[in-house]
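Chemist: Starting off with a structure, shown below.
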Amino acid sequence: MPLDNYNIIWTTPSENATGSMPVGGGNLQLNAWREKDDLLFYLGSTDSYMDHSTQLGKLGRVRLQIFPNPFSTTFKQELNLQESEIVFTGDEGFQLKVWVDVFHPIVHVEMQSEKPVEVVAHYETWKLEHQFTEDNRILFYHRNASTNAALEKMIEEQRADPFKDKITDPLKNLTSGGVLYAEGLIPFVADSGVYMKTPYHSLVLKSKELLKKLDLRVAIRIEQDETLEQWKEQLYTLTTQTAQTATSDRQQSIAWWKEFWDRSYIHIHPDADPAQMVHADVRKDEKAAAWQVGRNYQLFRYLLGCTHGARHPILFNGGIFNVDNTNGQSPEYRNWQGCEFMAQNQRLVYWPLLKTGDNDLMQPVMNMYRNGIKLQKARAQNYWNIEGAAYPEALNIYGLHAVYADPDMMTDSFGRCANRKREASEYGHSGLIHLEHHYTSMLDFAYMFLEAARFGKEELQRQMPVIENAVKYYDNYYQQCRLALKGERLTANGKLELFPSSALELYCEAKNPTDVVCGLRALVKGVLSFPKEELTEEQYNYFNDVLQRLPQIPTVEKEGRTMLPPAETWKLEGDQPNMEFPQLYALFPFETYSFDDTVGLNIAKNTWLYNSKASAQKNYICWFQGGIFTAHLGLTDEAKSYAINKFLHPLGDRGHKNVPVKRFPVFWDNPGFCQCPDMDHGGAAMIGLQDMLMQTQGQYIYLLPAWPKEWNCNFKLHAPYNTIVQGAIQNGKLQSYKVTPASRKKDVVIMNGF
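Offset between the sequence shown (1-based) and our numbering: plus 64.
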């Protein structure tokens with residue numbers, strides 16, 4: 065099926081920036097749109113942190129005005145996914161193409177017109193320094209200070225001075241900016257204005273004569289150069305080196321995108337007429353709804369692909385595609401900004417990239433954890449005198465707590481208990497009680513990294529420092545806690561007792577939380593599933609020893625049914641509707657139960673269907689994971705409903721009429737939750753759809769465990785041990801499938817009569 069069927073086409077202008085369309089490559093991501101007769105785009109990068117980590121800033125906005133108006137009778141704006149470009153088409157052969165170089169941080173704006181036109185290019189900013197240069201360019205930048213008072217304050221408050229030599233500062237002297245230039249444009253005026261209630265200043269270039277062609281570029285540099293002059297010098301070197309290479313650079317970028325799209329796909333009803341599918345009422349036309357699910361899966365993966373060259377992870381709350389809020393908040397604004405990297409949300413952005421084979425897109429988050437291991441080990445040694453690592457749940461760019469609260473107090477955000485002074489052992493943990501012992505996401509990422517090795521995308525030993533030290537933290541910390549509380553490191557039967565712990569954010573002062581126990585067991589068993597020769601003898605012996613002392617997964621009996629509780633015991637329980645469901649971490653991410661374990665799977669199914677707390681988890685928006693859980697339980701109809709509502713939000717049958725519909729289909733808006741576009745919403749949707757098609761457990765590949773018989777589909781997904789599975793589903797049957805390497809075909813289990 066041609067990817068062109070999923071191209072997004074608009075034939076009318078947008079009202080404002082909320083009707084923008086994404087395009088990107090490398091580490092640059094743009095929002096582009098036509099508003100009245102102007103063409104605009106925001107410049108953004110996942111790496112452009114400004115003012116010492118509190119703000120991931122835009123690099124400005126470009127506004128293009130063409131005279132006479134080329135769109136008086138004809139207008140089309142098309143996102144060409146295959147080549148990652150936006151093409152604006154107008155009257156009399158007018159065309160303007162916007163694309164981003166995958167391998168050089170340069171935005172290209174290429175115009176051609178049969179009729180000569182005047183071009184006026186505005187660079188607009190509400191924050192950055194900007195100036196005309198002697199060579200008819202606009203230079204703009206924001207330079208972070210050489211001293212970092214914010215970091216020094218964190219070090220003081222978190223009592224991190226003993227290991228401050230392990231803290232790196234990726235933001236000191238960081239200069240984010242670039243230069244806008246084009247042959248034939250000269251400085252015109254300086255101006256100012258207000259856009260969506262945000263004041264801005266602008267510099268304007270104007271064509272010195274009428275043009276039929278224009279090659280406008282924006283070159284970007286985001287680096288910690290020692291001086292501003294060095295930064296400028298390197299920026300201009302970039303423009304010189306790429307002055308005559310646009311054709312070859314474009315070919316290389318197109319080749320990268322072709323390889324990206326060929327890696328993996330899920331096309332639903334690939335033979336359907338896209339014109340009909342796009343315009344159908346998805347609440348009445350189930351085929352169109354399914355087709356749009358497949359399209360939106362590809363569109364969201366495109367957003368992730370636009371970060372191929374990024375240094376820092378994609379933020380769960382908007383990525384860098386967030387734009388102005390209609391209530392006057394600036395383009396940089398994002399809900400939950402103070403959390404920075406909130407691991408519980410961030411993980412959902414990265415889990416689907418295993419099955420898409422996009423290991424290159426996972427490197428920023430892997431590097432964040434891998435490069436931080438020395439710091440995290442030093443934290444554990446300093447605060448608790450143990451070997452191991454405890455990555456904070458709300459992790460900032462320095463590797464410290466983003467959410468630490470009062471440095472001397474412990475506070476409960478749910479109001480379940482009074483504030484109290486920190487005890488000596490509580491320094492190093494967050495001062496918010498619901499985050500104090502919440503390190504499940506560290507296990508989650510460690511397991512993701514282990515799976516990357518099992519999938520064959522990473523060397524196991526490269527991942528082991530994060531994995532091993534995550535396990536050692538729980539092993540050593542809780543042996544020490546029990547020794548202090550009860551005089552013995554282990555229980556009478558030689559088991560770890562994980563207390564005081566936390567079942568995610570919701571259940572505090574807990575013993576043996578289900579999510580933590582499942583995570584530890586998944587990691588330890590997962591490491592031991594690798595060939596012994598891939599481990600050192602010390603690692604092999606340690607993980608075998610830990611396996612013997614891990615507690616069992618807790619269960620309870622209710623009304624004759626065995627279920628999973630959040631923990632063996634707990635004292636404080638939070639507000640259910642805005643919290644995750646630790647019980648079913650046994651399904652995802654830790655895959656404790658699968659289709660080869662009928663008893664375990666029934667326990668998980670009872671927990672989902674009959675636990676009174678589960679009803680609060682059955683929302684479909686944002687990070688809610690009902691679609692993933694039901695796919696793992698083989699509940700096809702329910703998984704299908706989640707997929708439709710998640711991908712088509714808010715247009716599904718559960719969508720709320722007051723939730724705004726954004727023009728670009730995967731710019732999901734969830735007011736009160738994560739910033740639009742809601743990236744963890746998209747990640748959870750991708751995972752759920754993938755798991756409806758394929759799940760992997762041990763050596764086995766379970767195909768179609770929760771796939772609707774009425775959904776025709778072509779798919780290509782990655783599986784463990786360097787395996788690729790391609791298939792075609794037609795009229796409820798798996799018509800063909802190919803497994804590479806062929807030797808893995810014996811491990812495929814085709815389910816549900818397909």
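C-beta atoms are modelled at their ideal positions from N, C-alpha and C, and glycine is treated no differently.
(1) With DSSP as the reference, label K682 as helix, strand or coil.
(2) Following the continuous alpha helix (DSSP H) through W295, name the residue where it begins and the one where it ends.
(3) Have a look at S109 and I437 and give me their C-alpha separation to the nearest angstrom.
(4) Who are the near neighbours of P629 in its chain, counting only those whose CB is closer than 8 Å to its CB and skipping five residues on each side?
(5) Under three-state DSSP, which class holds K499?
(6) Quick one, which of L244, R127 and L275 has its alpha-carbon nearest N178's?
(7) Give me the residue from T662, G691, L120 and T75 with the minimum Cα distance to V387.
(8) For the beta strand (DSSP E) holding I130, just list the boundary residues, first then last.
(9) Pick helix, strand or coil for Q763, following the three-state DSSP scheme.
(10) On a Cα-Cα basis, can you pick out the residue from N557, A548 and G558 that is closest to P564?
(11) Label K622 either buried or exposed according to how many other C-beta atoms from any shown protein chain fall within 10 Å of its C-beta, with 16 as the threshold for buried.
(12) To the nearest angstrom, report how far apart D255 and L203 are at their CA atoms.
(13) Starting from the Cα of E147, find the closest Cα among K100, G89 and F105 and give me that residue.
(14) Could you check the C-alpha separation between F478 and G638 for me, to the nearest Å?
(15) Check the DSSP bridge columns for Q362 and list the partner residues they point to.
(16) Verify whether the separation of the beta carbon atoms of F779 and I330 is less than 7 Å.
(17) Mark I250 as exposed unless 16 or more other C-beta atoms lie within 10 angstroms of its C-beta, in which case mark it buried.
(18) So, with DSSP's three-state summary, where would you put L584?
(19) So the alpha helix (DSSP H) P428 belongs to, where does it begin and stop?
(20) Look at the Cβ atom of R375, then the Cβ atom of D111, and state whether they are nearer than 7 Å.
(21) Alpha carbon to alpha carbon, what distance is there between Q754 and H782?
(22) Expressed to the nearest angstrom, what Euclidean distance is found between the alpha-carbon atoms of R327 and A516?
(23) Buried or exposed, going by whether 16 or more other CB atoms sit within 10 Å of the CB of D609?
(24) For E774, count neighbouring C-beta atoms within 10 Å of its own C-beta (all shown protein chains included) and say buried if the count is 16 or more, exposed if not.
(25) Is there a C-beta anywhere in chain D that falls below 7 Å from the one on R727?
(26) If I follow the unbroken beta strand (DSSP E) through W74, where does it start and stop?
(27) If you compare alpha carbons, which of Y537, W295, H333 and H465 is closest to K217?
(28) Taking all protein chains shown into account, decide if R526 is buried (16 or more other Cβ within 10 angstroms of its Cβ) or exposed.
(29) Where does W321 sit, in a helix, a strand or coil, going by DSSP?
(30) Taking three-plus beta-carbon pairs below 8 Å as touching, is the stretch 394 to 408 in contact with the stretch 737 to 746?
(31) With a floor of 3 residues, list each beta strand (DSSP E) that falls wholly inside the stretch 619 to 703, ordered by position along the chain.
(32) In whole angstroms, what is the alpha-carbon distance linking T700 and H713?
(33) Any idea if M406 is buried or exposed, counting beta-carbon neighbours within 10 angstroms, 16 or more meaning buried?
(34) Between T504, I793 and I461, which has its C-alpha nearest L235's C-alpha?
(35) Residues in the same chain with beta-carbon distance under 8 Å from L32, minus the five sequence neighbours each way, listed in chain order, please.
(36) Which of the three DSSP states, helix, strand or coil, is assigned to P729?
Modeler: Let's see:
(1) When secondary structure is reduced to three states using DSSP, K682 falls in the coil class, being assigned neither helix nor strand.
(2) Going by DSSP, W295 is part of the alpha helix (DSSP H) stretching over L292 to Q305.
(3) One alpha carbon belongs to S109, the other to I437, and they sit about 26 Å apart.
(4) Close CB contacts of P629 within its chain, under the 8 Å cut and outside five residues either way in sequence, are with T578, P618, T619, V620 and Q647 (chain order).
(5) Correcting the residue identity first, residue 499 is Leu in this sequence and not Lys. The answer is helix: DSSP assigns L499 an H, G or I state.
(6) Residue 178 is actually Glu in this sequence, not Asn. Answer by Cα proximity: L275.
(7) Residue L120 is the option with its Cα nearest to V387.
(8) DSSP places I130 inside the beta strand (DSSP E), whose first and last residues are G124 to F131.
(9) Q763 falls in the coil class under three-state DSSP.
(10) Ranking N557, A548 and G558 by CA distance to the CA of P564 puts A548 first.
(11) With fewer than 16 other Cβ atoms inside 10 Å of its own Cβ, K622 counts as exposed.
(12) Each residue's alpha carbon lies about 15 Å from the other.
(13) It is G89.
(14) In this model, F478 and G638 are separated by some 6 Å (Cα to Cα).
(15) Q362 has no beta-bridge partner at all, per DSSP.
(16) F779 places its beta carbon less than 7 Å from that of I330.
(17) For I250, the number of other beta carbons within 10 angstroms of its own is below 16, and it is reported as exposed.
(18) L584 falls in the helix class under three-state DSSP.
(19) Counted as a single uninterrupted DSSP element, the alpha helix (DSSP H) harbouring P428 occupies residues N423 to N435.
(20) In this structure, D111 lies closer than 7 Å to R375 by Cβ.
(21) Using only the alpha carbons, I get a separation of about 10 Å.
(22) Taking the CA atoms as reference points, R327 sits about 16 Å from A516.
(23) Counting the other CB atoms within 10 Å of its CB gives D609 a total below 16, which places it among the exposed residues.
(24) Counting the other CB atoms within 10 Å of its CB gives E774 a total below 16, which places it among the exposed residues.
(25) Annotation note: the requested chain D is absent from the structure, which comprises a single protein chain.
(26) Counting along the chain, the beta strand (DSSP E) containing W74 begins and ends at I72 to W74.
(27) If we check each option's Cα against that of K217, H465 comes out closest.
(28) Taking all protein chains shown into account, R526 has fewer than 16 neighbouring C-beta atoms within 10 Å of its C-beta and is therefore exposed.
(29) W321 falls in the helix class under three-state DSSP.
(30) Touching, yes.
(31) Within the stretch 619 to 703, the complete beta strand (DSSP E) runs of at least 3 residues fall at 620 to 622, 625 to 627 and 631 to 633.
(32) So the alpha carbons of these two residues sit roughly 19 Å apart.
(33) The residue in question, M406, is buried, as its Cβ has 16 or more Cβ neighbours within 10 Å.
(34) If we check each option's Cα against that of L235, I461 comes out closest.
(35) One cannot answer for residue 32 here, as it falls past the ends of the chain, which runs 65 to 818.
(36) The three-state reading of DSSP puts P729 in coil, since its state is none of H, G, I, E or B.
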